[in-house]
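Novice: Protein chains in written order, with the numbering used here: chain A, 211 to 442; chain B, 3 to 827. For glycine and all other residues, C-beta sits at the position ideal for the given N, C-alpha and C. Predicted model, so just to flag it, every value in this text is computed and none were measured.
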Ligand SMILES: Nc1ncnc2c1ncn2[C@@H]1O[C@H](COP(=O)(O)OP(=O)(O)O)[C@@H](O)[C@H]1O
Ligand SMILES: [Mg+2]
């Protein structure tokens, strides 16, 4: 039955090089990747190995210098930036290490943004229900400044899942949090992910977190290897 | 979607304070422009109305023949009020005696502006009347009755007609500053023909008076036939009364200049505030793009915010401007006797336009650039986005600024000077600021720790520091310029009408009476001013060619009989602009003319001018052209002769004296003792001028105040624009163990240095600008303003330091962790 599920995200011969003055810095080379709908994949590796760069390419935030990213079978990385944004609005969500909430807006308004961008009906009611789902129903009118790190990341989770995405990218979602809080956020993330059956791409250097995914891939020196001791 | 989100973001950003500076700058721009325009507009309407009394009308068409009936009909069709006058001098005969009088024959609705005053007795004070002399009667000045020994009710013959003296004429609005030799007589226009004095060639002045709304007056002027000015003169308040005209002109120029500077400063503040807002929004835009916002969405979102903010601020500003202007007038109520005309629509439109132009030109470009922020920024914050349209937007902004400048200045000259001053000084400033920063760093090497920290901060942000110095310097320069110009202007007005300036002029004093008259004055404790000999003469030929007054208006003007005088030394208030004044001790016979008059009639230095005075005739070279201080209320002459040509006994004397209001009762005695002498009181005129100057001064102060506000906003915006970076930097320093005191010290050093340097730049710029303005725009003598070099740096340090420390309170008071968390390391 695994074989029936369609491939939602794939990459072929993906590479990213940067021109730093006269020198060419190769960050990623020859990345091949295939992720099926509903999969959860961990990207692990040492700091500076290129995980975040890869995530940026897969999510269409940045463009590769070689190769192509396909999203739902369509070449994604060769689209214009605005077209990629429109596709993201329809089906891609994010959770970041540093939360990336808009400081001026309230928790509720932050959750509403992607809903409004996607033109959903009744964004407020939907946003409110997701805030309640992450346990922050009573903090809807608070701004990020008034929330702790853990609470901010909960808002970010609500924002990500409220959009009912097909694909969720999470870049070290627990990286800025203490152990206990990180644990609770990770629990909530996997719980919500299981409920929504979202495809998850999770960047982390925490083996325990990686172990909770269906499979793990290791980024090393700009290349991708399957992780040896992935728990089944 | 974006409307709701735009509204929400606007509200949040407003509350968060990010938009307040932008809104304040915009509010100030619109309020200032609308307020100044409204104020100037209403003040000018009121002043012109009041000043029109000097002309007895808003416009006056004057010529040696009667202006055509058709013109009057046309004026009436346009809704203008009209009146006619005919002025001439004639002998008036009583049964026993005769006297030269200046007759003014007027139509029943004369005067259109101002009022006549009459009394029943030559020594009584006059009361305002709305009548004019009925046919068959005349009103005569007190001296007519006193000289001829007549009473009201007696008859007087003017040419072929006998008229009964009905009232004593004490005051006419349009005697202005012209010194009439002969006392005035007012009669009905319908009786003029009967006098038969208007023979061809007689010196008669016909005038058509007009009054009404400026638009109708403009329409009327536009309809006047081509070349009408060959035969007629068109006068308005400014041309009709030079001293008032000058005062109004200068005041208007100053107010416009002030408005211009306020707009410039406010634009600068808007640009800085918008740039900062945009910089703060880059992260949010990256997040929204990550979440699926396209560039179009971002554009709509920020345009939406800007337009909503603009609309709100506009409404608020227009209301505020009306309030400010109304409050000002309330303050002035005691001074403003005339009913205030309602303000026109122009100021509202001008203010709104300015605000939006400001917004579109200065706030829009940085916000539009937001759409180019790349979403990768959420992953790597240091990624700078390349802006494609930056230069285009900036160019458009600059063009808009130029447009604003010219629109405001209302004159290319004014705008040109401001522009030249700004452009030249900024280029110079940038170079100088660079050098100053360099030397600051060298100085810092040998300085203490706080010093080193502060100076290092300055040179680390070299680019930003130069820009900031430029901004501070420019703002300070404009403030200094306006402050100094204001006091030069007020001083020049005050000098023009000093306390105790002569307020009575004495005419017709003959050489035998002179000593007795002086004694009589001195007996009253009044100090007589120098006396000028005066007689009347006519120019009949130039370079041997006899002039025909009918040939052209210039010839007519040239050949008019006019007052002339002679003097060894150059009289006070006169300045030789071409040629050479004769040697006081050994004068060669010669003639000097007022420069504008000479230019108007086409005479140049070296021309030989034939002059007839009585039965004497002189052939004299034109040796000197003079500029005359018309705005001083001194006797002034178009024509001056070298001494020795005419005998003193050929002349009557013109002198003046100051009589305080309490002493006015001595006048009748003087008049009775010297019945042939004519005394013209100009104290009313002086009081009126002083009042006008006082009012305009208040307007000038208010404008200065508004401009100061704009300047402070610019300083604030400029400091705020580097706030985020400062917070980050000093937060880091504190986290690394820098003590509060040391950081505070470093900030003080940083701002004080900025203040001193910008103050010096400002002093230099202001010195140049003021020189240009004073000499080129205001016609004031050039002078150096050493005070600038003290004021500039002192003002610079105190303003920048105060505002800077206030604005950066957070840098030292907020815990370093918060700073680092919120502003990133
Ligand atoms: N825009 C960039 N400019 C310079 N170096 C970059 C840029 N983007 C990535 N790098 C470098 O590429 C490497 C990979 O970075 P990143 O993807 O952030 O690693 P990771 O997320 O695994 O820690 C790092 O050495 C980083 O410094
Ligand atoms: Mg990373």
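For ligand 2, any of its heavy atoms closer than 7 Å to the Cβ of residue 261 of chain A?
Specialist: The answer is yes for residue 261 of chain A.
Novice: Using the rule of at least 16 other Cβ atoms within 10 Å of the residue's Cβ for burial, across every protein chain shown, is residue 789 of chain B buried or exposed?
Specialist: It counts as exposed.
Novice: Where residue 318 of chain B and residue 289 of chain A are concerned, what is the direct C-alpha to C-alpha distance, given to the nearest angstrom?
Specialist: Using only the alpha carbons, I get a separation of about 46 Å.
Novice: For a contact defined as C-beta to C-beta under 7 Å, what are the partners of residue 377 of chain B on chain A?
Specialist: Here the neighbours are 271.
Novice: I'd like the ranges of any beta strand (DSSP E) spanning at least 3 consecutive residues and lying wholly in the segment 44-122 of chain B.
Specialist: If we require 3 residues or more, the beta strand (DSSP E) runs fully inside the segment 44-122 of chain B come out as 61-65, 83-95, 100-108, 118-121.
Novice: Report yes if the C-beta distance between residue 717 of chain B and residue 802 of chain B is below 8 Å; otherwise report no.
Specialist: The answer is yes: Cβ separation under 8 Å.
Novice: Residue range of the beta strand (DSSP E) that residue 510 of chain B falls in?
Specialist: That run of the beta strand (DSSP E) goes 506-512.
Novice: Who are the Cβ neighbours of residue 435 of chain A in its own chain at under 6 Å, not counting the five residues just before and after it?
Specialist: Result list for residue 435 of chain A: 428, in chain order.
Novice: Considering only C-alpha positions, which residue in the set B:30, B:187, B:437, B:156 is nearest to residue 135 of chain B?
Specialist: Nearest C-alpha to residue 135 of chain B: B:187.
Novice: Quick one: which unbroken beta strand (DSSP E) runs of 3-plus residues sit fully inside the segment 228-287 of chain A? Chain order, please.
Specialist: If we require 3 residues or more, the beta strand (DSSP E) runs fully inside the segment 228-287 of chain A come out as 233-246, 250-254, 276-281.
Novice: Determine the contact status of residue 28 of chain B and residue 310 of chain B, defining contact as a CB-CB distance below 8 Å.
Specialist: Going by C-beta atoms, residue 28 of chain B is not nearer than 8 Å to residue 310 of chain B.
Novice: How far does the beta strand (DSSP E) with residue 576 of chain B in it extend, from its first residue to its last?
Specialist: That run of the beta strand (DSSP E) goes 576-581.
Novice: Where does the unbroken beta strand (DSSP E) through residue 678 of chain B begin, and where does it stop?
Specialist: Careful: residue 678 of chain B lies outside any beta strand (DSSP E) and carries neither H nor E.
Novice: For residue 873 of chain B and residue 618 of chain B, what's the separation of their Cα atoms in angstroms?
Specialist: The question about residue 873 of chain B has no answer here: the residues shown for chain B are numbered 3 through 827.
Novice: Tell me, please, whether the CB atom of residue 310 of chain A is closer than 8 Å to any CB atom in chain B?
Specialist: Cβ-Cβ to chain B under 8 Å: yes for residue 310 of chain A.
Novice: With a threshold of 7 Å (Cβ to nearest heavy atom), would residue 381 of chain A be considered close to ligand 2?
Specialist: Yes.
Novice: Assign residue 211 of chain A to one of two classes, buried (16 or more other C-beta atoms within 10 Å of its C-beta) or exposed (fewer than that).
Specialist: Any reading at residue 211 of chain A must be qualified, since the residue scores a pLDDT of 48, below 50, and its modelled position is unreliable; the value itself is stated next. Exposed.
Novice: If you measure from the beta carbon of residue 787 of chain B to each beta carbon in chain A, is any gap under 8 Å?
Specialist: Taking Cβ atoms only, chain A never reaches closer than 8 Å to residue 787 of chain B, which makes this a no.
Novice: Closer than 7 Å, Cβ to any Cβ of chain B: which residues of the segment 301-330 of chain A, in chain order?
Specialist: Under the 7 Å Cβ criterion, the segment 301-330 of chain A contributes 304, 306, 310, 312, 314, 315, 319, 323, 324, 326, 327, 328, 329.
Novice: In three-state DSSP terms, what is residue 233 of chain B?
Specialist: If DSSP states are grouped into helix, strand and coil, residue 233 of chain B belongs with coil.
Novice: Residue 318 of chain A and residue 350 of chain A: beta carbons closer than 8 Å?
Specialist: Their beta carbons are under 8 Å apart, which means residue 318 of chain A touches residue 350 of chain A by this criterion.
Novice: According to DSSP, what are the bridge partners of residue 568 of chain B?
Specialist: B:643.
Novice: Is residue 228 of chain A near ligand 1, going by C-beta to nearest heavy atom under 7 Å?
Specialist: True, at least one ligand heavy atom lies under 7 Å from that Cβ.
Novice: Where does residue 208 of chain B sit, in a helix, a strand or coil, going by DSSP?
Specialist: Residue 208 of chain B falls in the strand class under three-state DSSP.
Novice: In chain A, what lies closer than 7 Å to residue 18 of chain B by C-beta?
Specialist: Residues of chain A passing the Cβ test: 314.
Novice: Does any residue of chain B bring its CB to less than 8 Å from the CB of residue 262 of chain A?
Specialist: Taking Cβ atoms only, chain B reaches closer than 8 Å to residue 262 of chain A, which makes this a yes.
Novice: Three-state secondary structure (DSSP) at residue 20 of chain B?
Specialist: Here residue 20 of chain B sits in coil by DSSP.
Novice: Extract the residue ranges of the alpha helix (DSSP H) inside the segment 583-637 of chain B, only unbroken runs of 4 or more that lie entirely within it.
Specialist: Taking only runs of at least 4 residues, the alpha helix (DSSP H) segments lying wholly in the segment 583-637 of chain B are 597-603.
Novice: Please report the distance separating the alpha-carbon of residue 417 of chain A from that of residue 315 of chain B.
Specialist: Cα-Cα distance, rounded: 55 Å.
Novice: Kindly indicate which three-state DSSP category residue 353 of chain A falls into: helix, strand or coil?
Specialist: If DSSP states are grouped into helix, strand and coil, residue 353 of chain A belongs with coil.
Novice: Short of 7 Å in beta carbon distance, which residues of its chain neighbour residue 287 of chain B, apart from the five on each side in sequence? Order them along the chain.
Specialist: Contacts found: 300, 372, 375.
Novice: Does the Cβ-Cβ distance between residue 331 of chain B and residue 44 of chain B come in under 8 Å?
Specialist: Yes, they are a contact pair.
Novice: If you compare alpha carbons, which of B:17, B:364, B:592 is closest to residue 581 of chain B?
Specialist: Ranking B:17, B:364, B:592 by Cα distance to residue 581 of chain B puts B:592 first.
Novice: On a CA-only basis, which of B:9, B:566, B:428 is nearest residue 312 of chain B? Give me that one, please.
Specialist: Looking at the Cα atoms, B:9 is the closest of the given residues.
Novice: Is it the case that the CB of residue 236 of chain A approaches a heavy atom of ligand 1 more closely than 7 Å?
Specialist: Outside the cutoff, so no.
Novice: Just to confirm before moving on: does the CB-CB distance between residue 266 of chain A and residue 289 of chain B stay below 8 Å?
Specialist: No, these two residues do not count as a Cβ contact at 8 Å.
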